[in-house]
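Residue numbers (full-length UniProt numbering), protein chains in the order written: chain A, 1 to 326; chain B, 1 to 300.
Every residue, glycine too, gets a C-beta built ideally from N, C-alpha and C.
Keep in mind it's a predicted model, so treat the numbers as computed, not measured.
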Amino acid sequence: MTTAPQTARATGAAPTTGATTRAIVTGSAHPRRVGSKNRREQLVSWAFLAPFMIAFVLFLVWPIIHGIYLSFTDQSLTGTGGGFVGVANYVEALSDPTMWRSMGNTLWFTVLSTVPLVLVALVMAVLVDRGIPGQWLWRLSFFMPFLLASTVISQIWVWIFNPQIGAANNILKAFGMEPIAWLQNADTNMYAIVIATVWWTVGFNFLLYLAALQNIPAQQYEAASLDGAGPWRQLWSITIPQLGPATVLIVMLQVLASLKLFDQAYQMLNGVSSDTTRSIVQYMYEAGFVGYRFGFSAAISYIFFALIVIIGVAQALVVSRRRNLR
Amino acid sequence: MTVTATRSIAVPAAKEKAHPRKPGDRPFGPLRIAAFAVLLLMAIGWLLPFLWAVATAFKTENDAASGSPTWIGESGPTADAFTAILSQGNVWLWAWNSLATSVAITAITLAISALAAYAFSRLDFRGRKWLFAVVIAGIVVPPQALIIPLFYQMLAFNLVDTYWGLILPQVVVPAMVFILKQFFDGVPIELEDAARVDGAGRFRIFWSIVLPLSRPILAAVAIFVFIGAWNNFLWPFLVINDTTLMTLPVGLQTVISAYGVQYAQVMAQAVLAALPLIAVFLVFQKQIVKGVATTGFGGQ
């Protein structure tokens, strides 16, 4: 009995999972004993699970464990080193101003991007939900950028923010303002990245809000309408409060997504490392693949991982506490 | 029992929910006109960067670099930038690499996730609860945090600079198992019991009853995995150094510095890389919108 899972794992690992499973199960025409049925169910279960679980262990569980080990060594990308150095990498990372700067940039980007990514999406969804003609056009315009690769996004926005010929400065000039070297200037490059990111990803939140809006029962509006509530009143007293749970979900997903900033920031600056835009993922990449220090980079990975977990748990706690208070 | 006969019971014909006009909205009230105006402005704002990129891709390099904000350059529209890009041999190769690896990632992810999700949803085995909890915990792991050990692993398996090195680490997506399990939980168990009485085995039931009923969710999952794989940048960027094995996003990124100031060509590249996904969106618009709405997951 105890060996059943292992046996099944072995058979399930074969490329002919389907045939194996069927062969095992077709015996079920016979009158079943409880024990044999149970045993068969175990075998079948493991045949179903094996392909995913093997990949899960190989490419998720094992890297997590191995990464922790690496973070305690001075392993380099070039294969040298690998000796155990204890917590030295963590000590170094936590006393490294660049690490803290990258962490700060990441958090600043998360704040700067989450606010418009939630508010703009809300405005878009509320307006589209009013049944204004041209649904496909609104959905296409707002959501299409989300499907584009970060490379495409970066190329378009680098060109828009080009100091000499870019559209952004053409607009500034039209308003009589001085042109700005958006991406080259340390005071503005983060804002340029935020603008590009909002344009790129707002469509996803927009669709989530739109789905939430369509779940609000029409009767509520009808009842409010009978009571003489106008559109504004309905918006504030029905729509916005009913969107509470959706807003919580969208903010949580957005914060966790924004903390993973890398692609567009790296590519819009063409790989140049800027102290004002370097994210924690970018620092991890630079330490490991530019500086060749795998061990140090792995330590930063786990500091990043911890940040994600802490913020995720904090969000979950705030949400559950608010629910309890209600 | 036939699956077709019961399909309408299990999954009511999906109705595209109309956007009902909220009571209190007069057809041409001032608020509706204002809302329309705001929407139109926003839509223009969102389309403009892309349309501007398309317009520039059709300019000559001189017109593109002149910086005058006109839609059509002085020399008139030309497809020179596109021919220049497409004759640059590697673009087709990169597009093929992107397509081949994205299809492989989608197929493998879908197959292994669906099988596991079915086991978690329907099969009774020891340790089911805690094993599922472990898989679900995997959702919070940011893939970016694993690049170092994964790269090390690919080095050890000799998979750096290979298709498999690109594909394998991308097929483990615990969120897909969760989403598929949620859906399988909702499939009426009576359908399966009937088949079981007829002597069908578990795999048979999974293959000919559960999967056909799950087409909408399978399509949504497939589309999202595909888009995510097609657009992924960080992992392909790290694991592939051989120019002939690069995916489109990575390949394009590497030649940007080479094209640097050739704005029309850079924009032509961007437009070409975007076209397949715009086509996917136009064809699968309903599934994509529904997929986001019901599952709340996506790429980036």
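Residues that residue i bridges to, as DSSP identifies them
i: Phe294(A); result: In the DSSP output, where bridge partners are listed per residue, Phe294(A) has none listed.
i: Phe84(A); result: Thr73(A)
Residue i versus residue j - alpha carbon distance
i: Gln282(A); j: Val280(B); result: 31 Å
i: Leu110(B); j: Ala65(B); result: 46 Å
i: Glu92(A); j: Gly288(A); result: 15 Å
i: Leu191(B); j: Ala211(A); result: 30 Å
i: Gly138(B); j: Thr106(A); result: 23 Å
i: Trp136(A); j: Trp130(B); result: 44 Å
i: Gln214(A); j: Ala192(A); result: 34 Å
i: Ser75(B); j: Trp92(B); result: 29 Å
i: Ile165(A); j: Lys59(B); result: 14 Å
i: Leu40(B); j: Arg204(B); result: 52 Å
i: Met176(B); j: Ser113(B); result: 6 Å
i: Asp129(A); j: Ile195(A); result: 25 Å
i: Ser258(A); j: Val134(B); result: 25 Å
i: Gln170(B); j: Ile238(A); result: 42 Å
i: Phe157(B); j: Ile303(A); result: 27 Å
i: Ser102(A); j: Ser76(A); result: 22 Å
i: Ser301(A); j: Arg293(A); result: 12 Å
i: Ile160(A); j: Leu49(A); result: 49 Å
i: Val141(B); j: Val225(B); result: 17 Å
i: Leu272(B); j: Val87(A); result: 48 Å
i: Pro174(B); j: Ile311(A); result: 20 Å
i: Ala81(B); j: Gln262(B); result: 9 Å
i: Val198(A); j: Ile72(B); result: 28 Å
i: Thr21(A); j: Trp207(B); result: Legend: pLDDT at Thr21(A) = 40, less than 50; position of this residue unreliable, value from coordinates given subsequently. C-alpha separation (whole angstroms): 12 Å.
i: His30(A); j: Gly199(B); result: Caution is warranted here: a pLDDT of 44 is assigned to His30(A), below 50, making its placement in the model unreliable, and the coordinate value is therefore given only provisionally. Going from the Cα of His30(A) to the Cα of Gly199(B) covers about 10 Å.
i: Gln287(B); j: Ile227(B); result: 13 Å
Residue burial classification, residue i (beta-carbon count within 10 angstroms, cutoff 16)
i: Ala218(A); result: exposed
i: Ala116(B); result: buried
i: Asn97(B); result: buried
i: Gly27(A); result: Legend: pLDDT at Gly27(A) = 42, less than 50; position of this residue unreliable, no value from coordinates given.
i: Pro51(A); result: buried
i: Lys260(A); result: buried
i: Arg274(B); result: The question names Arg, but residue 274(B) is Ala in the sequence shown. The residue is buried, with at least 16 neighbouring Cβ atoms inside 10 Å.
i: Thr244(B); result: exposed
i: Ser87(B); result: exposed
i: Asn189(A); result: buried
i: Ser297(A); result: buried
i: Asn324(A); result: exposed
i: Lys290(B); result: buried
i: Thr70(B); result: exposed
i: Met154(B); result: buried
i: Phe84(A); result: exposed
i: residue 327(A); result: As displayed, chain A neither begins before 1 nor continues past 326, which places residue 327(A) out of reach and without an answer.
Chain A residues whose Cβ lies nearer than 8 Å to that of residue i
i: Asp242(B); result: Those do not exist, as Asp242(B) stays about 16 Å from chain A at its closest Cβ, beyond 8 Å.
i: Leu99(B); result: Near Leu99(B) there are no residues of chain A at all, since even the closest Cβ is about 13 Å away, more than 8 Å.
Proximal residues of chain B, C-beta to C-beta of residue i below 7 Å
i: Asp263(A); result: Phe233 and Leu234
i: Asn105(A); result: What Asn105(A) touches in chain B: nothing, since even the nearest Cβ is about 15 Å away.
i: Trp199(A); result: Trp46 and Pro49
i: Ala55(A); result: Ile112, Val171 and Val172
i: Met124(A); result: Met42
i: Phe289(A); result: Leu238
i: Val309(A); result: Val140
i: Met190(A); result: Correct list: empty, because the minimum Cβ distance to chain B is about 18 Å.
i: Met144(A); result: Ile278 and Phe281
Contact set between residue i and chain A, taken where Cβ atoms lie within less than 7 Å
i: Ile85(B); result: Within 7 Å Cβ-Cβ: nothing; Ile85(B) doesn't reach chain A, min ~12 Å.
i: Gln253(B); result: Thr151 and Gln267
i: Ala119(B); result: Ser45, Phe48 and Leu49
i: Phe36(B); result: Ile132
i: Ala274(B); result: Leu148 and Val152
Interface partners of residue i on chain A, CB under 9 Å
i: Asp124(B); result: Asn38, Glu41, Gln42 and Ser45
i: Gly228(B); result: The contacting residues do not exist; Gly228(B) stays about 10 Å from chain A at best.
i: Trp52(B); result: Ile156, Trp159, Ile160 and Ala167
i: Gln269(B); result: Thr151, Val152 and Gln155
Neighbouring residues, chain B, relative to residue i (Cβ below 8 Å)
i: Arg139(A); result: Gln285 and Val289
Proximal residues of chain B, C-beta to C-beta of residue i below 9 Å
i: Phe59(A); result: Leu146, Leu150, Gln153, Leu168, Pro169, Gln170, Val171 and Val172
- Query: Does the region 218-231 of chain A come close enough to the region 105-120 of chain A that 3 or more CB-CB pairs lie under 8 Å?
  - Reply: no
- Spell out a yes or no on whether the region 223-243 of chain B and the region 140-154 of chain A are touching, meaning 3 or more CB-CB pairs, one atom from each, closer than 8 Å. yes
- Query: Do the region 266-280 of chain B and the region 313-322 of chain A make contact, defined as three or more Cβ pairs closer than 8 Å?
  - Reply: Flag = no, the region 266-280 of chain B and the region 313-322 of chain A do not touch.
- Message: Contact between the region 41-49 of chain A and the region 117-128 of chain B is defined here as three or more beta-carbon pairs at a separation below 8 Å; is this criterion met?
- Response: yes
- Message: For the region 148-167 of chain B against the region 61-69 of chain A, do three or more pairs of beta-carbon atoms, one drawn from each stretch, fall closer than 8 Å, so that the two count as touching?
- Response: yes
- Query: So, do the region 69-82 of chain A and the region 180-195 of chain B have three or more beta carbon pairs nearer to each other than 8 Å?
  - Reply: Three or more beta-carbon pairs separated by less than 8 Å are not found between the region 69-82 of chain A and the region 180-195 of chain B, which leaves the two stretches without contact.
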